[in-house]
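Visitor:
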Amino acid sequence: MKSMLFILVAHLHAGGTQTVAAYSSLEQCRDALRVATTNVAADYSCAATPVEGRWSQKDSRYLMVRD
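For our numbering, count along the sequence shown from 1 and bump the result up by 350.
1) How should residue 372 be labelled, buried or exposed, when 16 other C-beta atoms within 10 angstroms of its C-beta is the threshold for buried?
2) Could you check which residue in 365, 398, 399, 358 has the C-alpha nearest to that of residue 384?
3) Who are the near neighbours of residue 368 in its chain, counting only those whose CB is closer than 6 Å to its CB and skipping five residues on each side?
4) Tell me the residue span of the alpha helix (DSSP H) that contains residue 386.
5) Is residue 363 helix, strand or coil when you go by DSSP?
6) Rounding to the nearest angstrom, what Cα-Cα distance links residue 417 and residue 397 in this structure?
7) With a cut-off of 8 Å on the beta carbons, I'd call residue 392 and residue 363 a contact; round off their distance for me.
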């Protein structure tokens with residue numbers, strides 16, 4: 351079964367990107383994005399990525415959105 355995850359991604363000013371968290375809905379990701387933007391060390395965005403099978407919130411550290 352395929353599902354869509356919404357990943358909060360940090361675009362670090364020092365270079366590189368990092369997955370911050372994964373959410374099952376865009377609304378949750380946008381709420382987290384509002385909080386994350388208070389950190390000026392990076393720019394943040396929400397990106398969607400398809401996943402197959404089951405996933406848990408613990409697995410979010412292994413997810414990354416491809417450009």
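For each residue, glycine too, the CB sits at the ideal point set by N, CA and C.
Given the structure is predicted, the values throughout are model-derived calculations rather than measurements.
Guide: According to the structure data:
1) Mapped onto the sequence shown, residue 372 falls at position 22. Residue 372 should be labelled buried.
2) Your numbering for residue 384 matches position 34 in the sequence shown. Residue 358 holds the alpha-carbon nearest to the alpha-carbon of residue 384 among 365, 398, 399, 358.
3) Here residue 368 corresponds to residue number 18 of the sequence shown, with the count starting at 1. The residues are 360.
4) To locate residue 386, count along the sequence shown from 1; it is residue 36. In this chain, the alpha helix (DSSP H) harbouring residue 386 covers 376–386.
5) What you label residue 363 is simply residue 13 of the sequence shown in a count that begins at 1. Coil, per DSSP.
6) To locate residue 417, count along the sequence shown from 1; it is residue 67. To locate residue 397, count along the sequence shown from 1; it is residue 47. Note that residue 417 scores a pLDDT of 46, beneath 50, so its modelled location is shaky and nothing firm can be said.
7) Taking the sequence shown and counting its residues from 1, one reaches residue 392 at position 42. Taking the sequence shown and counting its residues from 1, one reaches residue 363 at position 13. That pair is a contact at about 6 Å.
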